[in-house]
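A.B. asks: Can you keep this structure in mind? I'll have questions shortly.
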Amino acid sequence: MVIALVAIGISVFKFEMAIEQRQQLMQQVIGVWKERDVAPYKVEIFEVRRQGIYRQGRLLTSDYFWDGVQLRYNFGQQLYIYLYEDGAFIRQQPTHYFATFDRQ
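In the working numbering, the protein residues as written are 1101 to 1204.
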C-alpha cells in the first residue's frame, strides 16, 4: 500500500514537471515575430499563440510543432520550418532566402 502511494506520488510529480517544462517551452515561442533587415513594405510578421500561427490577425493553422529548437507548420501546401537560435527564428523553409525573425 505504501509503495503504491509512493509510486502514485512520483507519477504525479513527473506529470507536473512535464507540464511545467512544456509551459516554459511555450513561453520561448509565444509572441509576435518580425523579419529582420527588410524594407518596411516587405517585412513579414507572424504571431505564435497557443491556439495557432497567425499572420495579420488571421489564423493560418492551429496545428504546429514546437520542441524548443524547431518551429514547424503547414500553410496550404507549403511547409514552414524555423530554427530557434539566440532568441531569434531563422527560416529554413521555404528556402527562397534565409530570413531571421526577432520577437517584438
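The beta-carbon is built from N, C-alpha and C at its ideal position, and this holds for glycine as well. Bear in mind that the values here come from a model prediction, so they are computed numbers and not experimental data.
Going by beta-carbon coordinates alone, are Lys1134 and Asp1186 separated by less than 7 Å?
C.D. replies: no
A.B. asks: Short of 6 Å in beta carbon distance, which residues of its chain neighbour Val1132, apart from the five on each side in sequence? Order them along the chain.
C.D. replies: Here the set comprises Glu1147, Gln1204.
A.B. asks: With a threshold of 8 Å on Cβ separation, who are the neighbours of Leu1160 within its own chain once the five nearest residues in sequence on each side are excluded?
C.D. replies: Phe1146, Gly1152, Ile1153, Tyr1154, Tyr1173, Phe1175
A.B. asks: From what residue to what residue does the beta strand (DSSP E) around Lys1134 run?
C.D. replies: 1131 to 1135
A.B. asks: Residues in the same chain with beta-carbon distance under 7 Å from Val1169, minus the five sequence neighbours each way, listed in chain order, please.
C.D. replies: Leu1183, Tyr1184
A.B. asks: Return the CA-CA distance between Thr1195 and Gln1128, expressed in angstroms with no decimal places.
C.D. replies: 24 Å
A.B. asks: Can you tell me which of the three DSSP states Pro1194 falls into?
C.D. replies: Residue state, collapsed to three classes: coil.
A.B. asks: Skipping 5 residues on each side, what residues in its chain have a beta carbon closer than 6 Å to that of Glu1144?
C.D. replies: Same-chain partners within the cutoff: Glu1135.
A.B. asks: Could you check what DSSP says for Gln1178 in three-state terms: helix, strand or coil?
C.D. replies: In the structure shown, Gln1178 sits in a strand (DSSP, three-state: E or B).
A.B. asks: On a CA-only basis, which of Arg1158, Gln1156, Leu1125 is nearest Asp1167? Give me that one, please.
C.D. replies: Leu1125
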